[in-house]
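Here my numbering is used: the first residue of the sequence shown is 582, the next is one more, and so on. Every residue, glycine too, gets a C-beta built ideally from N, C-alpha and C. It should be emphasised that the depicted structure is a prediction, and the values quoted were computed from it without experimental measurement.
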Amino acid sequence: MGGMTPTPPARRVLLAAPRGYCAGVDRAVIAVEKALEQYGAPIYVRHEIVHNKYVVQTLEKKGAIFVDETHEVPEGSIVMFSAHGVAPIVHEEAAERKLATIDATCPLVTKVHKEAVRFAQEDYDILLIGHEGHEEVIGTSGEAPDHIQLVDGPGDVAKVEVRDPSRVVWLSQTTLSVDETMETVDALKEKFPQLVSPPSDDICYATQNRQLAVKEMGADSDLVIVVGSRNSSNSKRLVEVAVQAGARAAHLVDFADEIDEAWLDGVATVGVTSGASVPEVLVEGVLEWLARRGFEDVEIVKTAEESITFSLPKELRRDLRAEAAALSERRAN
Numbered sequence: 582m583g584g585m586t587p588t589p590p591a592r593r594v595l596l597a598a599p600r601g602y603c604a605g606v607d608r609a610v611i612a613v614e615k616a617l618e619q620y621g622a623p624i625y626v627r628h629e630i631v632h633n634k635y636v637v638q639t640l641e642k643k644g645a646i647f648v649d650e651t652h653e654v655p656e657g658s659i660v661m662f663s664a665h666g667v668a669p670i671v672h673e674e675a676a677e678r679k680l681a682t683i684d685a686t687c688p689l690v691t692k693v694h695k696e697a698v699r700f701a702q703e704d705y706d707i708l709l710i711g712h713e714g715h716e717e718v719i720g721t722s723g724e725a726p727d728h729i730q731l732v733d734g735p736g737d738v739a740k741v742e743v744r745d746p747s748r749v750v751w752l753s754q755t756t757l758s759v760d761e762t763m764e765t766v767d768a769l770k771e772k773f774p775q776l777v778s779p780p781s782d783d784i785c786y787a788t789q790n791r792q793l794a795v796k797e798m799g800a801d802s803d804l805v806i807v808v809g810s811r812n813s814s815n816s817k818r819l820v821e822v823a824v825q826a827g828a829r830a831a832h833l834v835d836f837a838d839e840i841d842e843a844w845l846d847g848v849a850t851v852g853v854t855s856g857a858s859v860p861e862v863l864v865e866g867v868l869e870w871l872a873r874r875g876f877e878d879v880e881i882v883k884t885a886e887e888s889i890t891f892s893l894p895k896e897l898r899r900d901l902r903a904e905a906a907a908l909s910e911r912r913a914n
């Protein structure tokens, strides 16, 4: 029989489920579209409504204007706050500028804000596990800046100091890696045995579900492609989780044309998933790109059912243009 080359293993794609849009992102994106329909352009949005390049570009085409700071919004306009939430001071800035506001903060982020307020009122030291500079962390910290200190991973624990080790609680950014967060919590518990945990897990259901699917898929994948943007915390975590689960390589791409053909060398199984702010059309683009290169066989790896939806921000049920006009008129008089 000598000299026969072994048949290469069949090429296949493992497609993670759940993936892509979570309820909070879905709600925020629809809120911008509805506001544009209802009130007409422009609708100003403070920071990216969700961390996805394609979504932001699509909404810009429809008339949304993204700004970094509240003072960039002209008086008497409508401004929307992103899904990541904002600190109380931002609401104050908007009121000072006579802006009508729509708050598209994800309800699961709002829950963490409320926990922060409550523990601060009870005079706890709050250890917020999260990534420095992330909008969500800035927003949550702003609820109780005197009580909150950031713990950015297990390596940060050594330098944490508190006033009273018997009154310490941890909270977390909603989009972290579950495993890394628990590693940080364990390190904190060693240092502060009386550390209190939040009443319910802060890491959101969607973040956990997407990581679970990737863990299952990553173990069987030579390459994992995560569709998501560089500034998306939950998307970046999916890349890390894939590698930890056993994938030989994992890469983050915004669009199919960012995939490097060289990544496919010696690859039989490609895992595909997407972050919580990624529209499915971008995943379809990646699947088509792979199919053209012989990866036509797609198997779904399903680890959870998701049926959670959130109702739209209540402000969309009012006439905000009239409110904005009234606000600036009041100032003029």
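Which same chain residues end up closer than 6 Å to Arg829 when comparing Cβ atoms and leaving out the 5 residues on each side of it in sequence?
In the sequence shown, residue 829 corresponds to position 248, counting from 1. Asp803.
Skipping 5 residues on each side, what residues in its chain have a beta carbon closer than 6 Å to that of Val824?
As a position in the sequence shown, residue 824 is number 243, starting the count at 1. So the list reads Ala831, once near-sequence residues are dropped.
Over the uninterrupted beta strand (DSSP E) stretch that includes Ile889, give me the two end residues.
Within the sequence shown, residue 889 is the residue found at index 308, counting from 1. It is not in any beta strand (DSSP E) - Ile889 carries neither H nor E in the DSSP assignment.
Candidates Glu618, Gly711, Glu656: which alpha carbon is nearest Ser758's?
Indexing the sequence shown from 1 puts residue 758 at position 177. When each option's Cα is compared against that of Ser758, the closest is Gly711.
If we call anything under 8 Å between Cβ atoms a contact, is Thr555 one with Arg600?
Because the chain is modelled from 582 through 914, residue 555 falls outside the range shown and cannot be assessed.
Mind checking Val648: buried by the 16 CB within 10 Å criterion, or exposed?
Here residue 648 is taken as the residue at index 67 of the sequence shown, counted from 1. Val648 comes out exposed.
Since I believe Val741 is in contact with Gln730 (beta carbons under 8 Å), could you give me their beta-carbon distance rounded to a whole number of angstroms?
By 1-based counting over the sequence shown, the position of residue 730 is 149. By 1-based counting over the sequence shown, the position of residue 741 is 160. Contact holds; Cβ gap of about 7 Å.
Have a look at Gly720, Ala645, Leu863 and flag the residue whose alpha-carbon is nearest the alpha-carbon of Glu618.
Taking the first residue of the sequence shown as position 1, residue 618 is located at position 37. The shortest C-alpha separation from Glu618 is found at Ala645.
Answer yes if the stretch 691–698 comes into contact with the stretch 603–621, meaning at least three C-beta pairs across the two stretches below 8 Å, and no otherwise.
Judged by Cβ distances under 8 Å, the stretch 603–621 makes no contact with the stretch 691–698, as fewer than three pairs qualify.
Pull up the DSSP beta-bridge partners for Ser753, would you.
Residue 753 sits at position 172 when you count from the first residue of the sequence shown. Note: Ser753 sits in a beta bridge opposite Ile710.
Going by C-alpha distance, which of Ser909, Glu896, Ala903, Leu793 is nearest Arg608?
The sequence position of residue 608 within the sequence shown is 27, counting from 1. Here the closest residue by C-alpha is Glu896.
Considering only C-alpha positions, which residue in the set Ala598, His715, Gly605 is nearest to His553?
This structure leaves residue 553 out entirely; the chain is present only between 582 and 914.
Helix or strand or just coil, what does DSSP make of Tyr786?
On the sequence shown, position 205 is the one that residue 786 refers to. In the structure shown, Tyr786 sits in a helix (DSSP, three-state: H, G or I).
Measuring CA to CA, which of Tyr620, Glu886, Ser778 is closest to Ala597?
The residue given as residue 597 occupies position 16 in the sequence shown. Answer by Cα proximity: Glu886.
Which first and last residues belong to the beta strand (DSSP E) in which Ile630 is found?
Here residue 630 refers to the residue found at position 49 of the sequence shown. Ile630 -> no beta strand (DSSP E), and no H or E assigned at all.
Suppose contacts are defined by Cβ-Cβ distances below 8 Å. Is Thr788 in contact with Ala857 by that definition?
Your numbering for residue 788 matches position 207 in the sequence shown. Your numbering for residue 857 matches position 276 in the sequence shown. Yes. Within cutoff.
Report, in whole angstroms, the separation of the C-beta atoms of Val743 and Phe700, which I expect to be a contact under 8 Å.
Your numbering for residue 743 matches position 162 in the sequence shown. Your numbering for residue 700 matches position 119 in the sequence shown. That pair is no contact at about 12 Å.
Cutting at 6 Å between CB atoms, please list the residues of its own chain near Ala826, excluding the five before and the five after it.
Taking the sequence shown and counting its residues from 1, the one referred to as residue 826 is at position 245. Contacts found: Lys796, Gly799, Ala800.
Put Ser778 into one of helix, strand or coil per three-state DSSP.
Numbered from its first residue, the sequence shown carries residue 778 at position 197. In this structure, Ser778 counts as coil in the three-state DSSP scheme.
Sorted by chain position, which residues of the same chain lie with C-beta nearer than 7 Å to Glu821's C-beta, five sequence neighbours on each side aside?
In the sequence shown, counting from the first residue as 1, residue 821 sits at position 240. So the list reads Ser758, once near-sequence residues are dropped.
Pull up the distance between the alpha-carbon of Gly621 and that of Thr765, whole angstroms please.
As a position in the sequence shown, residue 621 is number 40, starting the count at 1. As a position in the sequence shown, residue 765 is number 184, starting the count at 1. Cα to Cα, Gly621 sits roughly 46 Å from Thr765.
Return the bridge partner residues of Leu833 from the DSSP annotation.
Position 252 of the sequence shown, counting from 1, holds the residue named residue 833. According to DSSP, Leu833 bridges with Val807.
Looking only at DSSP bridge pairs, what is Arg791 linked to?
Numbered from its first residue, the sequence shown carries residue 791 at position 210. DSSP output for Arg791 lists no bridge partner at all.
State the DSSP-derived secondary structure class of Leu731, mapped to helix, strand or coil.
The residue labelled residue 731 in the question sits at position 150 within the sequence shown. Leu731: strand per DSSP, three-state reduction.
Taking the DSSP output, what are the residues bridged to Met661?
Numbered from 1 along the sequence shown, position 80 holds the residue referred to as residue 661. According to DSSP, Met661 bridges with Val626, Ile683.
So, for Pro688: in the same chain, excluding its five sequence neighbours on each side, which residues have a beta-carbon less than 6 Å away from its beta-carbon?
Looking up residue 688 in the sequence shown gives position 107. These residues qualify, in order along the chain: Phe891.
Within this structure, are the beta carbons of Gly723 and Pro779 separated by less than 8 Å?
Counting from 1 along the sequence shown, the entry for residue 723 is found at position 142. Counting from 1 along the sequence shown, the entry for residue 779 is found at position 198. Contact flag unset, no.
When DSSP labels each residue in this structure, what does Gly852 get in the three-state scheme?
The sequence position of residue 852 within the sequence shown is 271, counting from 1. Three-state DSSP puts Gly852 in a strand.
Given a cut-off of 8 Å, decide if Leu640 and Ser658 are closer than it, judged by their beta-carbon atoms.
Start at 1 with the first residue of the sequence shown, and residue 658 comes out as number 77. Start at 1 with the first residue of the sequence shown, and residue 640 comes out as number 59. No, they are not a contact pair.
With DSSP as the reference, identify every bridge partner of Arg593, one or two as the case may be.
As a working note, residue 593 is residue 12 in the sequence shown. Arg593 is bridged to Thr850, Asp878.
Assuming contact is defined by CB atoms lying nearer than 8 Å, are Ile624 and Met661 in contact in what I supplied?
The residue labelled residue 624 in the question sits at position 43 within the sequence shown. The residue labelled residue 661 in the question sits at position 80 within the sequence shown. In contact: Ile624 and Met661 (Cβ atoms closer than 8 Å).
What whole-angstrom Cβ distance do Glu650 and Arg678 have, given they're in contact under 8 Å?
Stepping through the sequence shown from its first residue, residue 650 is reached at position 69. Stepping through the sequence shown from its first residue, residue 678 is reached at position 97. Actually they do not touch by this definition, with Cβ atoms about 11 Å apart.
Under three-state DSSP, which class holds Phe647?
As a working mapping, residue 647 is identified with position 66 in the sequence shown. Here Phe647 sits in strand by DSSP.
Looking at the structure shown, is Ala885 part of a helix, part of a strand, or coil, going by DSSP?
Locating residue 885 in the sequence shown gives position 304, counting from the first residue. Reduced to three states, the DSSP call for Ala885 is coil.
Quick one: does the C-beta of Ala668 sit closer than 7 Å to a heavy atom of the ligand PLP?
The ligand PLP is absent from the structure shown, which contains no ligand whatsoever.
Considering Lys772, what are the terminal residues of the alpha helix (DSSP H) in which it resides?
Here the question's residue 772 lines up with position 191 in the sequence shown. Start and end: 759–772.
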